[in-house]
Amino acid sequence: MPTVIVDGKEIEIGAQERLNCIEAARLAGVEIPHYCWHPGLSVVASCRMCLVETGSRDPATGKVTMVPKLVPGCQTPARDGTVIVTDSQLVKDSRARVEEALLIDHPIDCSICDKAGECLLQDYHFEHGQPERRADINPFHSQRRDVGPTVTLFVDRCIMCTRCVRFTREVSGTSELMVANRGAKEEIDVFPGFPLDNKLSGNVVDLCPVGALGDKDFLYQQRVWFLKREANVCGGCSAGCSIVTEHNQDTVYRLKPRENPHVNKWWICDDGRYGWHHLHDPSRLLAAGRLVSSAAERETVEWPAVVTRIRDDLKSAGRLAVAVSPMLTLEEAWMLCAVARSIDPRAYLAVGHVPTSGTDQSFPGGFTIRAEKCPNRIGVEAIVGLFETDLHRWHNFLDHIRQGQADAAWVTAAYPGSWIDDSTAEPFGKLRSLVVQDLFESPLSRLATWQLPATGFAERTGTWVNVAHRAQTFAAAVRAPAGVWPEGRLLWNMLGRRGLYDPAAVRRQIAESAVSLAVLAGDVPPNGVDLRVNQIASA
Amino acid sequence: MKPTDPAITWLEEKPLGLAERLYLPLFIQGLSTTSRHMVSRKVTVNYPESRPVVGNPLIYRGVHRLNRDDAGRVKCVACFLCATACPAHCIDIVATESPWPDREKYPESFSIDELRCIFCGMCEEACPVDAIELTSLLDLTGKSREEMIFDKEKLLSVYDMTKDAEPMKSKTLAAAGMATFGHAPADAAPAGGHH
Numbered sequence: 087m088p089t090v091i092v093d094g095k096e097i098e099i100g101a102q103e104r105l106n107c108i109e110a111a112r113l114a115g116v117e118i119p120h121y122c123w124h125p126g127l128s129v130v131a132s133c134r135m136c137l138v139e140t141g142s143r144d145p146a147t148g149k150v151t152m153v154p155k156l157v158p159g160c161q162t163p164a165r166d167g168t169v170i171v172t173d174s175q176l177v178k179d180s181r182a183r184v185e186e187a188l189l190i191d192h193p194i195d196c197s198i199c200d201k202a203g204e205c206l207l208q209d210y211h212f213e214h215g216q217p218e219r220r221a222d223i224n225p226f227h228s229q230r231r232d233v234g235p236t237v238t239l240f241v242d243r244c245i246m247c248t249r250c251v252r253f254t255r256e257v258s259g260t261s262e263l264m265v266a267n268r269g270a271k272e273e274i275d276v277f278p279g280f281p282l283d284n285k286l287s288g289n290v291v292d293l294c295p296v297g298a299l300g301d302k303d304f305l306y307q308q309r310v311w312f313l314k315r316e317a318n319v320c321g322g323c324s325a326g327c328s329i330v331t332e333h334n335q336d337t338v339y340r341l342k343p344r345e346n347p348h349v350n351k352w353w354i355c356d357d358g359r360y361g362w363h364h365l366h367d368p369s370r371l372l373a374a375g376r377l378v379s380s381a382a383e384r385e386t387v388e389w390p391a392v393v394t395r396i397r398d399d400l401k402s403a404g405r406l407a408v409a410v411s412p413m414l415t416l417e418e419a420w421m422l423c424a425v426a427r428s429i430d431p432r433a434y435l436a437v438g439h440v441p442t443s444g445t446d447q448s449f450p451g452g453f454t455i456r457a458e459k460c461p462n463r464i465g466v467e468a469i470v471g472l473f474e475t476d477l478h479r480w481h482n483f484l485d486h487i488r489q490g491q492a493d494a495a496w497v498t499a500a501y502p503g504s505w506i507d508d509s510t511a512e513p514f515g516k517l518r519s520l521v522v523q524d525l526f527e528s529p530l531s532r533l534a535t536w537q538l539p540a541t542g543f544a545e546r547t548g549t550w551v552n553v554a555h556r557a558q559t560f561a562a563a564v565r566a567p568a569g570v571w572p573e574g575r576l577l578w579n580m581l582g583r584r585g586l587y588d589p590a591a592v593r594r595q596i597a598e599s600a601v602s603l604a605v606l607a608g609d610v611p612p613n614g615v616d617l618r619v620n621q622i623a624s625a
Numbered sequence: 000m001k002p003t004d005p006a007i008t009w010l011e012e013k014p015l016g017l018a019e020r021l022y023l024p025l026f027i028q029g030l031s032t033t034s035r036h037m038v039s040r041k042v043t044v045n046y047p048e049s050r051p052v053v054g055n056p057l058i059y060r061g062v063h064r065l066n067r068d069d070a071g072r073v074k075c076v077a078c079f080l081c082a083t084a085c086p087a088h089c090i091d092i093v094a095t096e097s098p099w100p101d102r103e104k105y106p107e108s109f110s111i112d113e114l115r116c117i118f119c120g121m122c123e124e125a126c127p128v129d130a131i132e133l134t135s136l137l138d139l140t141g142k143s144r145e146e147m148i149f150d151k152e153k154l155l156s157v158y159d160m161t162k163d164a165e166p167m168k169s170k171t172l173a174a175a176g177m178a179t180f181g182h183a184p185a186d187a188a189p190a191g192g193h194h
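Line by line, the protein sequences give chains A and B.
Per my numbering, residue 87 is the first one in the first sequence, and the count goes up by one each step.
Per my numbering, residue 0 is the first one in the second sequence, and the count goes up by one each step.
As structure tokens, this is what we get:
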């Protein structure tokens with residue numbers, strides 16, 4: 087195994103691993119500061135913050151020969167016998183000088199800068215900078231200009247790391263951003279008439295190590311130190327990107343990508359990034375309403391009563407058909423199927439409506455936005471498959487209703503947008519009992535006997551299976567609005583389980599009932615597990 | 000820290016001396032303190048007929064105010080540092096883009112729950128632009144809880160009301176040649192930041 091020596095400490099790296107000095111040092115627990123380098127982008131070695139002393143150890147004699155000057159750690163590969171020194175006086179002085187040079191024309195407006203608190207310039211200055219400012223040059227005046235519909239640029243805060251420029255060239259492939267002018271007059275800019283307007287544009291804000299690029303959606307909303315972070319999965323499409331939901335007092339403020347090499351690497355798309363606003367829409371359904379018999383109005387029913395009354399209503403109606411929404415988690419879908427079968431042992435179970443929009447959109451950097459706008463179709467298919475021999479889909483379900491083969495139906499939806507029209511919903515009007523669980527009122531829910539509120543993606547706890555069969559578990563970031571029982575809690579109570587809803591217990595039960603899902607029995611790692619690996623092994 | 004922690008030095012109480020055991024000398028000592036206060040100048044005042052005199056308004060911590068700049072605009076830049084420093088979580092700010100070209104951000108709304116406030120003065124310490132200050136107004140009353148939540152307009156009106164009697168503390172200190180932390184006296188050369 088190749089050995090790298092970081093500050094006198096020997097660490098082994100994989101024989102096939104191609105690491106630079108920053109990554110190798112990280113393995114040894116040493117953080118080399120850097121601005122321009124990002125693992126997802128090409129190397130330019132322009133910020134000079136990662137300068138370290140390097141050398142090599144002769145494998146035969148063990149003699150160490152050092153390179154006479156500092157080299158950028160991001161650009162220097164770590165090989166067998168590479169010696170990296172990050173704590174010498176030479177390196178420390180170099181970092182302090184880089185910090186000083188950057189701060190010569192960087193405004194000290196941290197108090198009104200949205201990046202303050204998560205700014206690399208702040209962090210590195212605190213750690214590596216010097217307390218005094220020797221040059222007394224007043225920075226040029228604050229200039230702000232929009233570079234696109236979602237992103238705004240604070241020109242004077244930029245440190246010219248060019249991460250954003252490289253991102254638009256290498257990952258989104260749209261090349262909107264450029265470096266204008268040279269030397270001290272360098273600026274990030276867009277070409278006239280070609281704003282930064284692509285589906286991945288929000289990522290440049292995450293990439294920016296300082297406060298130069300701001301997200302207009304989040305600008306001035308909260309200081310970052312007020313935000314709490316919960317690892318989540320995006321529910322915007324079937325890609326199932328790993329995200330972090332940042333929230334405060336049960337209000338979501340922004341979503342950020344969470345690094346996951348198997349799914350989204352470091353990025354998320356703008357549809358997902360800004361796709362949380364429906365959670366706080368005032369028109370959301372907030373109470374369980376049952377149609378008062380022989381009247382067109384609904385009475386609000388307390389949740390403990392909902393648990394028993396829905397069961398009674400559906401049981402007395404007759405043959406039951408249930409649509410299991412691909413927005414539900416595995417656990418909720420399983421409990422819904424179990425509840426349905428406990429009400430009617432021959433209940434017809436189908437996968438709910440799968441919303442789609444356009445076609446899959448791929449980017450040069452390997453990122454794909456899926457056309458299927460639901461996070462868990464594959465998971466719900468697997469769960470429904472455990473209960474039904476033939477897999478019924480939404481169109482089969484509609485036929486089933488139209489042909490009058492059901493007397494009662496339970497439709498779970500929880501779609502963030504409108505999804506059904508009047509003509510599609512019309513046959514449901516003939517049913518003796520209809521339960522519709524959705525985020526917003528729809529033509530279908532207006533026909534419903536029972537109108538139940540649903541929960542949004544950041545309010546759920548459970549497991550989703552993405553388009554590549556990767557199962558990821560997550561916990562709710564925020565609580566559902568006051569008065570709303572999440573699907574999991576309702577179904578848990580309808581199954582007669584005691585105590586609080588425990589998704590892990592349901593997950594263990596699912597894992598025991600199906601070999602293809604057996605891998606979910608244990609704790610699922612943060613990056614998720616590939617369900618196919620297990621299926622191949624069991625085949 | 001546990002009682003067995005080696006960092007703790009345990010001291011034995013001294014045994015009582017003769018004077019303590021006799022009881023009378025200490026009795027006289029206590030009684031003399033009482034009688035001295037009986038004849039000395041009284042500290043209490045007949046509030047509200049007469050009002051207490053605030054010794055040094057610069058360090059007194061009474062009702063808050065939001066200062067105005069030279070153009071009459073609210074000085075606050077909505078940085079949330081007061082809300083961050085506040086141990087009672089009584090400050091609520093909604094920030095937005097400022098309508099003025101020379102300012103980036105300003106508070107759309109700024110409210111302080113005076114009932115929740117513990118008057119510790121941390122907000123004043125934290126403020127980087129000397130926008131929030133504690134005045135020497137000490138009688139704070141209201142008929143309802145809602146009335147005691149001071150919004151931006153009310154806090155600005157406290158400034159209008161008190162600005163003549165109590166000029167902005169940064170200006171007073173600068174006039175006295177004392178620089179507060181992070182703010183140079185007015186006549187000195189600017190050192191560092193431009194905000």
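The beta carbon of each residue, even a glycine, is placed where N, CA and C say it ideally should be.
Among the options, whose alpha-carbon lies nearest the alpha-carbon of residue i?
i: B:Ala130; options: B:Leu114, B:Phe118 and B:Val73; result: B:Val73
i: A:Ile354; options: A:Leu341, A:Arg220 and A:Leu105; result: A:Leu341
i: A:Arg181; options: A:Phe280, A:Cys136 and A:Gly141; result: A:Cys136
i: A:Gly452; options: A:Ala495, A:Gly126 and A:Pro119; result: A:Gly126
i: A:Val330; options: A:Gly358, A:Val592 and A:Gln308; result: A:Gly358
i: A:Gly548; options: A:Met421, A:Leu416 and A:Val564; result: A:Leu416
i: A:Gln447; options: A:Asn106, A:Ser258 and A:Pro513; result: A:Ser258
i: A:Glu316; options: A:Gln308, A:Phe304, A:Pro295 and A:Pro343; result: A:Pro343
i: A:Ala407; options: A:Arg370, A:Arg518, A:Thr445 and A:Thr172; result: A:Arg518
i: A:Ala500; options: A:Leu520, A:His555, A:Pro461 and A:Gln491; result: A:Pro461
i: A:Lys266; options: A:Cys244, A:Ser287 and A:Thr260; result: With the sequence shown as reference, residue 266 of chain A is identified as Ala, and Lys is not the correct amino acid for it. Nearest option by C-alpha distance: A:Cys244.
i: A:Val291; options: A:Asp275, A:Lys314, A:Leu239 and A:Arg255; result: A:Leu239
i: A:Val601; options: A:Phe304, A:Thr151 and A:Gly471; result: A:Gly471
Is the distance from the Cβ of residue i to the Cβ of residue j below 7 Å?
i: A:Ala544; j: A:Leu525; result: no
i: A:Asn403; j: A:Asp485; result: The amino acid at residue 403 of chain A is misidentified as Asn; the sequence shows Ala. No.
i: B:Tyr59; j: B:Ser135; result: yes
i: A:Ala131; j: A:Cys160; result: yes
i: B:Thr95; j: A:Tyr306; result: yes
i: A:Gln523; j: A:Gly375; result: no
i: A:Val553; j: A:Ser197; result: no
i: A:Thr535; j: A:Leu377; result: yes
i: A:Val116; j: A:Val92; result: yes
Who does residue i pair with in a DSSP beta bridge?
i: A:Arg376; result: A:Glu385 and A:Trp536
i: A:Arg340; result: A:Glu332
i: A:Tyr434; result: A:Ala407
i: A:Pro158; result: A:Leu137
i: A:Glu256; result: Answer by DSSP bridge pairing: none, since A:Glu256 is not bridged.
i: B:Leu133; result: B:His63
Where does residue i land, buried or exposed, given buried means 16+ other C-beta within 10 angstroms?
i: A:Asp200; result: buried
i: A:Gln572; result: Checking the sequence shown, residue 572 of chain A turns out to be Pro, not Gln. Per the 10 Å Cβ criterion, buried.
i: B:Ala185; result: Note that B:Ala185 scores a pLDDT of 41, beneath 50, so its modelled location is shaky; the value from the coordinates is reported in the next line. When all chains shown are included, B:Ala185 counts as exposed.
i: A:Asp301; result: buried
i: A:Ser328; result: buried
i: A:Ala591; result: exposed
Residues in its own chain within less than 7 Å of residue i by CB, not counting five upstream and five downstream?
i: A:Pro529; result: Ile506, Asp507, Asp508 and Ala511
i: A:Arg427; result: Ala433 and Phe473
i: B:His194; result: Per-residue confidence for B:His194 stands at a pLDDT of 40, beneath the threshold of 50, marking its modelled position as unreliable; no derived number is given.
i: A:Glu418; result: Gly548, Glu573, Gly574 and Leu577
In chain order, what residues of the same chain have a beta carbon less than 6 Å from the beta carbon of residue i, not counting five sequence neighbours either side?
i: B:Ile117; result: Ala87
i: A:Gly322; result: Asp357, Gly358 and Gly361
i: A:Ala597; result: Leu603, Ala604, Leu606 and Ala607
Could you pull out every residue in the same chain whose Cβ sits closer than 8 Å to the Cβ of residue i, ignoring the five residues on either side in sequence?
i: A:Gln270; result: Just to set this straight, residue 270 of chain A is Ala in the shown sequence, not Gln. Excluding sequence neighbours, A:Ala270 sits near Asp191.
i: A:Leu372; result: Pro539, Pro567, Ala568, Gly569 and Val570
i: B:Gly16; result: none
i: A:Arg565; result: Asp336 and Glu545
i: A:Val153; result: Glu139, Thr140 and Gly141
Hey, would you say the C-beta of residue i is under 6 Å away from at least one heavy atom of the ligand MN?
i: B:Val62; result: Looking at this structure, you won't find the ligand MN or any other ligand, since it has none at all.
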